[in-house]
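Read left to right, the sequence shown gives residues 18 to 551 (our numbering). Worksheet: one structure, shown below.
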Amino acid sequence: MGRAYFKDAFMLIRKLLFTAMFCIAANAHALSANEAKAIASGEPDARIEALNKAVATADDKTAAFLQALNDDAVKFEGDKVFVIKDGKGFDPVTGAEVPVPESAEDVMNNNRMHGELESAMAALKLFSKDAKVRAEAVKSLQSETDDTKLPLIEKAFAAEQDAKIKVALGLVRAAVLLNSPDTAKRLEAAKLLADSTTTNAKTALIERIKVESAPDVKSALQNSLRTVEASLAWGDKLGAVFSGISLGSILLLVALGLAITYGLMGVINMAHGELMMIGAYATYVVQGLFQKYLPGMFDWYLLVSVPVAFLASALVGAALERSVIRFLYGRPLETLLATWGISLMLQQLVRTIFGAQNVGVENPSWMSGGIQLMGNLQLPWNRIIIIAFAVAVLLGMGWLIGKTRLGLFVRGVTQNRPIASCMGVNTARIDTYAFALGSGIAGLAGCALSQVGNVGPDLGQGYIVDSFMVVVLGGVGQLAGTVYAAMGLGVLNKLLEGFTGAVLAKIAVLVFIIIFIQKRPQGIFAMKGRSAEA
18 MGRAYFKDAF MLIRKLLFTA MFCIAANAHA LSANEAKAIA SGEPDARIEA LNKAVATADD
78 KTAAFLQALN DDAVKFEGDK VFVIKDGKGF DPVTGAEVPV PESAEDVMNN NRMHGELESA
138 MAALKLFSKD AKVRAEAVKS LQSETDDTKL PLIEKAFAAE QDAKIKVALG LVRAAVLLNS
198 PDTAKRLEAA KLLADSTTTN AKTALIERIK VESAPDVKSA LQNSLRTVEA SLAWGDKLGA
258 VFSGISLGSI LLLVALGLAI TYGLMGVINM AHGELMMIGA YATYVVQGLF QKYLPGMFDW
318 YLLVSVPVAF LASALVGAAL ERSVIRFLYG RPLETLLATW GISLMLQQLV RTIFGAQNVG
378 VENPSWMSGG IQLMGNLQLP WNRIIIIAFA VAVLLGMGWL IGKTRLGLFV RGVTQNRPIA
438 SCMGVNTARI DTYAFALGSG IAGLAGCALS QVGNVGPDLG QGYIVDSFMV VVLGGVGQLA
498 GTVYAAMGLG VLNKLLEGFT GAVLAKIAVL VFIIIFIQKR PQGIFAMKGR SAEA
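Structure follows, in structure tokens:
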């Protein structure tokens, strides 16, 4: 019995000692009053040194204190530090509410200190339970080269379970190790950075090569730099192609309406850009209505804007056709001058209603962000969705023209108006429907454009010439030619911009179109029929 008693007592004492040691260790990592004071006041270098020491063994209270510092919500008086929240003061160590003396001074953070605080908070987020938060933290640390955060990065790297995040964090770790005094670690870092596809890695390698003294490490750095530069070059090329496809999709949306009004009906509508502008402003109005009356459903405003933009531009187009265009069929010069005057009137009307300044149209949350394919290549969701939207509009228009009764009438009136009239087709009504359809598609183009830039009275002027070139280059009245021309011009323009700049690229594309039309006046696809040129 005595032996059992002493055994139980020994086990109890050991358990108590273990608990006490655990508590001491835990408290050793907690934020202390001295640390809070050192981070909040003093010279910038001393504050940054104290910050890095605190981050290396940080807890939740440290993270909250750093966030308050970055938000400029901290005061100090003597040895006391106060976190200000909702007009009240709180102790950063205990979290208890404390009175704030009137003589307490605001903590002043310059840009350097704000940068260090943001870097420190990003490092602390490496231990978040949310994988998205950890991924964002790794992304924000990609330019980190300060070896004071290496212990924290090493700890996070060892604990990371997500394979994709671990690879990205490993590259951050390698960039930090480049500044290590250990030659073996620098050599390891140089080899690891060969797998990086970020401009930050390229910059870190270049800077290290300048000061590196070890021949084997310098050789490894140069090899990694060549590999990274090759990867970045591919990212730039793929980015240019994607930008070209994105531009081409916008040109396609703009040109699809002209493919009807000019390609099928032969009307040179210089007000086509203003019909796009009306669609963009219709989107802006719907956005404002949702912000005022349905703020909880704001993310869905764009789905309502699409039909509203189509109807607004289609109605204006129908009114334009019935009041002006129908008297000018077969007179291209008069049509051009009349629609140019109407375009000026529409611009002035918009300036009178909405003002001369551009207005902003916000992206819904589901169009924010993008897909990160490489370090220097991100595909924005708004561009991807606009490309998909252009494809959907193209397919819908192809089905409408090729498979529906209205499309049959439009094609019949376009090909032979007298015979269509003899067959009982109301050609005047079909003209109105066709012009309204082309105008409505211009409104859809304006709705799409509102998601990639500001909306203003001059919105359509930047696209009207390009859209006419697309229709002429593709072949008048040919939807397939419009697609090829839009995508081809978009990609060609973006690829040339990388070599010549935006202005010279525009000139080069225009020269190419002139030469092409001289050699093949009917465009990429010729209209089938006896009158088509070979």
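All residues carry an ideal CB built from backbone N, CA and C; glycine is no exception. Source: prediction; values computed, not measured.
Considering only residues of the same chain and omitting the five flanking positions on each side of residue i, which have a CB-CB separation below 7 Å?
i, result
"Y450", "L423"
"V427", "L281, I418, I447, A451"
"A373", "P474"
"V367", "M294, Y298, P474"
"H131", "N87"
"K254", "none"
"L345", "E351, T352, A355"
Starting from residue i, follow its DSSP beta bridges and name the residues at the other end.
i, result
"P397", "G387"
"D123", "K92"
"F452", "For F452, which the question treats as bridged, DSSP gives no partner whatsoever."
"V376", "V472"
"K17", "In the structure as shown, the chain starts at 18 and stops at 551, and residue 17 therefore has no counterpart that could be examined."
Flag this pair as yes or no: are the beta carbons of residue i and residue j separated by less than 7 Å?
i, j, result
"A175", "L204", "no"
"A297", "L461", "no"
"T499", "G491", "yes"
"I532", "L273", "no"
"L194", "E133", "no"
"L353", "F259", "no"
"G313", "K511", "no"
"Q308", "N380", "no"
"T621", "G387", "The shown model of the chain, from 18 to 551, leaves out residue 621, and the question about it has no answer."
"V303", "V323", "no"
"G377", "N471", "yes"
"A326", "T300", "yes"
"G265", "M504", "yes"
"R129", "S263", "no"
"V189", "A218", "no"
What did DSSP end up calling residue i once you bin it into helix, strand or coil?
i, result
"G283", "coil"
"G505", "helix"
"E94", "strand"
"P538", "coil"
"E291", "helix"
"V472", "strand"
"G441", "coil"
"G552", "Missing from the structure shown is residue 552; the chain here goes from 18 to 551 and no further."
"K146", "coil"
"V100", "strand"
"E133", "helix"
"E60", "coil"
"E153", "helix"
"E114", "strand"
"S213", "coil"
"D518", "Reading the sequence as shown, one finds Gly at residue 518 and not Asp. Looking at G518 - three-state DSSP - the assignment turns out to be coil, as it is neither helix nor strand."
"L195", "coil"
"E229", "coil"
"Y480", "coil"
"T244", "helix"
"E52", "helix"
"Q304", "helix"
"E177", "coil"
"R576", "Nothing in the structure corresponds to residue 576, since the chain is present only between 18 and 551."
"L425", "helix"
Within its chain, find whatever has a CB closer than 8 Å to the CB of residue i; leave out the 5 residues flanking it on each side and keep chain order.
i, result
"A453", "A331, L332, G334, A335, E338"
"W383", "D316, W398"
"A57", "R64, L86, V91, F93, V98, V124"
"K523", "N510"
"E229", "R203, K235, L238"
"L48", "A71, A75, D76, K78, T79, F82, P109, V110"
Tell me which residues share the same chain as residue i and place their Cβ nearer than 6 Å to its Cβ, disregarding the 5 neighbours each side in the sequence.
i, result
"M391", "T214, G252"
"L311", "none"
"P109", "A53, F82, V98, V100"
"A55", "A67"
"D179", "A148"
"P232", "none"
"K183", "E177"
"V271", "A462, Y480, S484"
Stretch-stretch touch, CB-based, cutoff 8 Å, three pairs: the segment 110-125 with the segment 144-157: no
Cβ pair count under 8 Å reaching 3, the segment 131-150 against the segment 79-95: yes
The segment 238-251 touching the segment 426-442, judged by at least three CB pairs closer than 8 Å: no
The segment 477-487 in contact with the segment 430-442 per 3-pair CB rule at 8 Å: no
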